[in-house]
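Chain order of the listed sequences is A and B. When we follow my numbering, the leftmost residue of the first sequence carries the number 344, and every step to the right adds one. When we follow my numbering, the leftmost residue of the second sequence carries the number 344, and every step to the right adds one.
Protein chains: 2
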Amino acid sequence: MDENEALELLGHLLPAAPPGEVWWGDDAAVVAVPGEGRQLLLALDTVVAGVDADLTLSRLSDLGWKAMAVNLSDIAAMGGTPAHALVSVAGLGASSLPELYEGLLEASTRYGCPVVGGDLSSGEQLVVSVAVTGWSEGHPVLRSGASPDDIIWVTSPLGAAAAGLRCLRERAAMDCTGAGDGQLSREQEALVSAHARPVPALAEGSVAKNVGATAMIDVSDGLATDLSRLARSSGVGFELAEVPVAPGATLLEALGGGDDYALVFTLPPSVVPAPAFEAVGLRPPMLLGACVADTGRHHLRGAPLEVAGWEHTL
Amino acid sequence: MDENEALELLGHLLPAAPPGEVWWGDDAAVVAVPGEGRQLLLALDTVVAGVDADLTLSRLSDLGWKAMAVNLSDIAAMGGTPAHALVSVAGLGASSLPELYEGLLEASTRYGCPVVGGDLSSGEQLVVSVAVTGWSEGHPVLRSGASPDDIIWVTSPLGAAAAGLRCLRERAAMDCTGAGDGQLSREQEALVSAHARPVPALAEGSVAKNVGATAMIDVSDGLATDLSRLARSSGVGFELAEVPVAPGATLLEALGGGDDYALVFTLPPSVVPAPAFEAVGLRPPMLLGACVADTGRHHLRGAPLEVAGWEHTL
Numbered sequence: 344m345d346e347n348e349a350l351e352l353l354g355h356l357l358p359a360a361p362p363g364e365v366w367w368g369d370d371a372a373v374v375a376v377p378g379e380g381r382q383l384l385l386a387l388d389t390v391v392a393g394v395d396a397d398l399t400l401s402r403l404s405d406l407g408w409k410a411m412a413v414n415l416s417d418i419a420a421m422g423g424t425p426a427h428a429l430v431s432v433a434g435l436g437a438s439s440l441p442e443l444y445e446g447l448l449e450a451s452t453r454y455g456c457p458v459v460g461g462d463l464s465s466g467e468q469l470v471v472s473v474a475v476t477g478w479s480e481g482h483p484v485l486r487s488g489a490s491p492d493d494i495i496w497v498t499s500p501l502g503a504a505a506a507g508l509r510c511l512r513e514r515a516a517m518d519c520t521g522a523g524d525g526q527l528s529r530e531q532e533a534l535v536s537a538h539a540r541p542v543p544a545l546a547e548g549s550v551a552k553n554v555g556a557t558a559m560i561d562v563s564d565g566l567a568t569d570l571s572r573l574a575r576s577s578g579v580g581f582e583l584a585e586v587p588v589a590p591g592a593t594l595l596e597a598l599g600g601g602d603d604y605a606l607v608f609t610l611p612p613s614v615v616p617a618p619a620f621e622a623v624g625l626r627p628p629m630l631l632g633a634c635v636a637d638t639g640r641h642h643l644r645g646a647p648l649e650v651a652g653w654e655h656t657l
Numbered sequence: 344m345d346e347n348e349a350l351e352l353l354g355h356l357l358p359a360a361p362p363g364e365v366w367w368g369d370d371a372a373v374v375a376v377p378g379e380g381r382q383l384l385l386a387l388d389t390v391v392a393g394v395d396a397d398l399t400l401s402r403l404s405d406l407g408w409k410a411m412a413v414n415l416s417d418i419a420a421m422g423g424t425p426a427h428a429l430v431s432v433a434g435l436g437a438s439s440l441p442e443l444y445e446g447l448l449e450a451s452t453r454y455g456c457p458v459v460g461g462d463l464s465s466g467e468q469l470v471v472s473v474a475v476t477g478w479s480e481g482h483p484v485l486r487s488g489a490s491p492d493d494i495i496w497v498t499s500p501l502g503a504a505a506a507g508l509r510c511l512r513e514r515a516a517m518d519c520t521g522a523g524d525g526q527l528s529r530e531q532e533a534l535v536s537a538h539a540r541p542v543p544a545l546a547e548g549s550v551a552k553n554v555g556a557t558a559m560i561d562v563s564d565g566l567a568t569d570l571s572r573l574a575r576s577s578g579v580g581f582e583l584a585e586v587p588v589a590p591g592a593t594l595l596e597a598l599g600g601g602d603d604y605a606l607v608f609t610l611p612p613s614v615v616p617a618p619a620f621e622a623v624g625l626r627p628p629m630l631l632g633a634c635v636a637d638t639g640r641h642h643l644r645g646a647p648l649e650v651a652g653w654e655h656t657l
């Protein structure tokens, strides 16, 4: 399928470019450039079927949503505002493309990040790459700015996505054996939704930046892994007091389960973030712990966090 | 392999960010935004091993070069200047990553488009996606601006890449049967190089824009296909008088063979482009023919060009 056939197939789904811009249909997409004082953010993340998403457990439209959402989450983790996206799809038959794009464009529309170009390729396995641009007013929030004694916050409880995947696997196993009725409770449905349709914390990232977050990262590979990345980039250690666990999830899922896309950020101890979050209708962030000067210290309630082990034990 | 392991592996190959910018190692790359009067160009193209590149015939470093070059060619075809690139790699073992990146970064350095971020994934098949940004001073050259009577130009002879692939296939067949010594002539080596290391025509695209090109496209899928795209976008037909064929290539390869990455552009009949090209040391463009008002007319020397058939006959 070439680009023109794809455009015919997707034409009714794709947004139209505003005057003076060119989206799709040319060699490159053209977008207007705002004035100075801003910084451009660029991110590219790939979702591979069978690796990052199990199509026996989730829908193609959910994979599309996720491919877009994980990139938007990268912009959120800088405190930025998404601008435009490009999408590359390899290894998907033309007849399935609309379902994939349905989820992609739903996330794209919801978070104001129009898909302005991309390409399609043949292949043996479905691979979806999404590139996004975003803007940061002034300096974005990096992973590397945390200081010893900064307080560590998280924008939501953790572990829901991993618990949702567990629910889907358990239901699939029950379906195979004929045990149970395959129905999910309301709590399980919320977990499954967290897995299938992760929400990029764009508003939260923006408020965190505005209250002066010193460092920020999104929880894509699990709190233990991602907080360790932030700590390493910043040259600090950490001492966690609490880990908020999503209802129905386990502590192990909260620490080691990925795909939550909550934001973890640090603030000087003098800053109380809740009012700024509540002022715009957001849930106040939850306290995790504090940064410490000892870079080798990665502790939860005084005991070492065995970082390397989390992914393998799930 | 996670990002940190990749950075360790690639650290000596990757360029360092200038002060005030962040490349790699954070959730998104941060680059400075130039002032107004410019337009941002965005492109994303994917190269799939076994589809867009045959690793039994070409090296992994050549695949890397190509993945970067095809995106730079998209920027060239707008008359733009490349700025930054993001690279996503799926389905490649860590031990092979440096070889892929060697070619990627060679093209990236040669054409001043630093790789500022990206990701890595598991997968069954090697899929390389590259996203590039570029800038256009004023309006870029689109596919859609050609008028009837505009003259059609091309920046170099065509068919070399397809002929180079043919040489490689013939040599591989000879190696299998034991016939011949497997040596390539100097002409054949030039064709193979055109296939393995396509050159994005960035300088040519910039000059074409400056002399007032009304429409432009790069020849990625073959002259017949790509010129038809330009004509359809512009609402014109075309009458070709000449098709410059690269030494050692056939007319069929020049018309239907892809991957040449020459630029085809249109100019009003009053504009003579050669002096502007020669002034900066570039080969003057070659005349292909003229646009006509009849959109159904896709002719070469008075006879219809059977567009659909070219790719299948190669």
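Every residue gets a Cβ at the ideal spot worked out from N, C-alpha and C, and that includes glycine. Treat the numbers as computed from the prediction; the structure is a model and nothing was measured.
Compute the beta-carbon to beta-carbon distance between residue i and residue j, rounded to the nearest angstrom, for a pair I have assumed lies under 8 angstroms.
i: ALA433(B); j: SER464(B); result: 4 angstroms
i: LEU566(B); j: ALA589(B); result: With 8 angstroms as the limit, LEU566(B) and ALA589(B) do not qualify as a contact, their Cβ atoms being about 12 angstroms apart.
i: VAL470(B); j: VAL470(A); result: 5 angstroms
i: GLY543(B); j: ALA428(B); result: First, the amino acid is wrong: residue 543(B) is Pro here, not Gly. Not quite, the Cβ-Cβ distance comes to about 12 angstroms (not below 8 angstroms), so this is no contact.
i: PRO611(B); j: ASP518(B); result: Their Cβ separation, rounded to whole angstroms, is 51 angstroms, which puts PRO611(B) and ASP518(B) out of contact at 8 angstroms.
i: ALA558(B); j: THR593(B); result: In fact, because the Cβ distance is near 27 angstroms, the residues do not count as touching under 8 angstroms.
i: TRP408(A); j: ALA450(A); result: 5 angstroms
i: VAL459(B); j: LEU385(A); result: 7 angstroms
For residue i, does the three-state DSSP call read helix, strand or coil?
i: ASP397(A); result: coil
i: CYS510(B); result: helix
i: PRO362(A); result: coil
i: ALA515(A); result: helix
i: GLN531(A); result: helix
i: ALA544(A); result: coil
i: ALA503(A); result: helix
i: ALA584(B); result: coil
i: HIS642(A); result: strand
i: GLU346(B); result: Caution is warranted here: a pLDDT of 42 is assigned to GLU346(B), below 50, making its placement in the model unreliable, and the coordinate value is therefore given only provisionally. GLU346(B) falls in the helix class under three-state DSSP.
i: VAL550(B); result: helix
i: VAL607(B); result: strand
i: MET421(B); result: coil
i: LEU648(A); result: coil
i: GLU467(A); result: coil
i: ALA437(A); result: helix
If you measure from the beta carbon of residue i to each beta carbon in chain E, is any gap under 7 angstroms?
i: LEU385(A); result: Chain labels in this structure do not include chain E; the protein chains are A and B.
Relative to the alpha-carbon of residue i, which residue among the options has its alpha-carbon at the smallest distance?
i: MET629(B); options: PRO616(B), GLY639(B), ALA636(B), HIS641(B); result: PRO616(B)
i: ASP462(A); options: GLY548(B), ALA574(B), ALA605(B), ASP395(B); result: ASP395(B)
i: GLY488(B); options: ARG572(B), LEU648(B), LEU625(B); result: ARG572(B)
i: VAL535(A); options: PHE620(A), SER431(A), ARG509(A), GLY555(A); result: ARG509(A)
i: ASP603(B); options: TYR444(B), LEU447(B), GLY407(B), PRO500(B); result: PRO500(B)
i: ILE418(B); options: GLY601(B), ILE560(B), GLY639(B), SER576(B); result: ILE560(B)
i: ARG575(B); options: ARG486(B), THR389(B), GLY481(B); result: ARG486(B)
i: PRO618(A); options: LEU643(A), ARG640(A), ALA551(A); result: ALA551(A)
i: GLY481(B); options: GLU547(B), ILE495(B), ALA516(B), GLY555(B); result: GLY555(B)
i: GLU442(B); options: THR389(B), GLY580(B), LEU403(B); result: LEU403(B)
i: LEU435(A); options: SER563(A), SER490(A), VAL459(A), LEU406(A); result: LEU406(A)
i: ARG626(A); options: ARG540(A), ALA605(A), ARG453(A); result: ALA605(A)
i: SER549(B); options: MET421(B), ALA359(B), ASN414(B), GLN382(B); result: MET421(B)
i: PRO401(A); options: ALA515(A), GLY591(A), GLU621(A), ARG529(A); result: First, the amino acid is wrong: residue 401(A) is Ser here, not Pro. With distances taken between Cα atoms, SER401(A) lies closest to ALA515(A).
For residue i, count neighbouring Cβ atoms within 10 angstroms of its own Cβ and tell me buried if that reaches 16, exposed if not.
i: GLY578(A); result: exposed
i: VAL623(A); result: exposed
i: THR399(A); result: exposed
i: PRO647(A); result: exposed
i: ALA392(B); result: buried
i: GLY645(A); result: exposed
i: LEU511(A); result: buried
i: GLU679(B); result: Only positions 344 to 657 of chain B appear in this structure, which leaves residue 679(B) out of reach.
i: GLU547(A); result: buried
i: ALA474(B); result: buried
i: ALA651(B); result: Residue placement at ALA651(B) cannot be trusted, given a pLDDT of 37 that sits under 50; the coordinates are not used to answer.
i: GLY639(B); result: exposed
i: ALA503(A); result: buried
i: GLY455(A); result: exposed
Comparing the CB of residue i with every heavy atom of the ligand NAD, is any distance shorter than 6 angstroms?
i: HIS642(B); result: Absence of the ligand NAD is noted for the structure shown, with no ligands found whatsoever.
query: Of all the residues that make up the segment 413 to 425 of chain A, which are near chain B by a beta-carbon distance shorter than 9 angstroms?
result: Listed by position, the residues of the segment 413 to 425 of chain A near chain B (Cβ gap below 9 angstroms) are ASN414, SER416, ASP417, ILE418, ALA419, ALA420, MET421, GLY423.
Near-chain A residues of the segment 576 to 591 of chain B (beta-carbon distance less than 8 angstroms), N- to C-terminal order: From the segment 576 to 591 of chain B, only SER576 have a Cβ closer than 8 angstroms to chain A.
- prompt: Quick one, which residues of the segment 456 to 477 of chain B are near chain A if we go by CB-CB under 9 angstroms, in chain order?
  reply: Only those residues of the segment 456 to 477 of chain B whose C-beta falls short of 9 angstroms from the nearest C-beta of chain A are listed: VAL459, GLY460, GLY461, ASP462, LEU463, SER464, SER465, GLY466, GLU467, GLN468, VAL470, SER472, VAL473, ALA474, VAL475, THR476, GLY477.
query: When you check each C-beta in the segment 596 to 622 of chain A against every C-beta of chain B, which residues fall closer than 7 angstroms?
result: Residues of the segment 596 to 622 of chain A that bring their beta carbon within less than 7 angstroms of a beta carbon in chain B are absent altogether.
Members of the segment 480 to 500 of chain B near chain A, C-beta cut-off 7 angstroms: The residues in question are PRO483, LEU485, ARG486.
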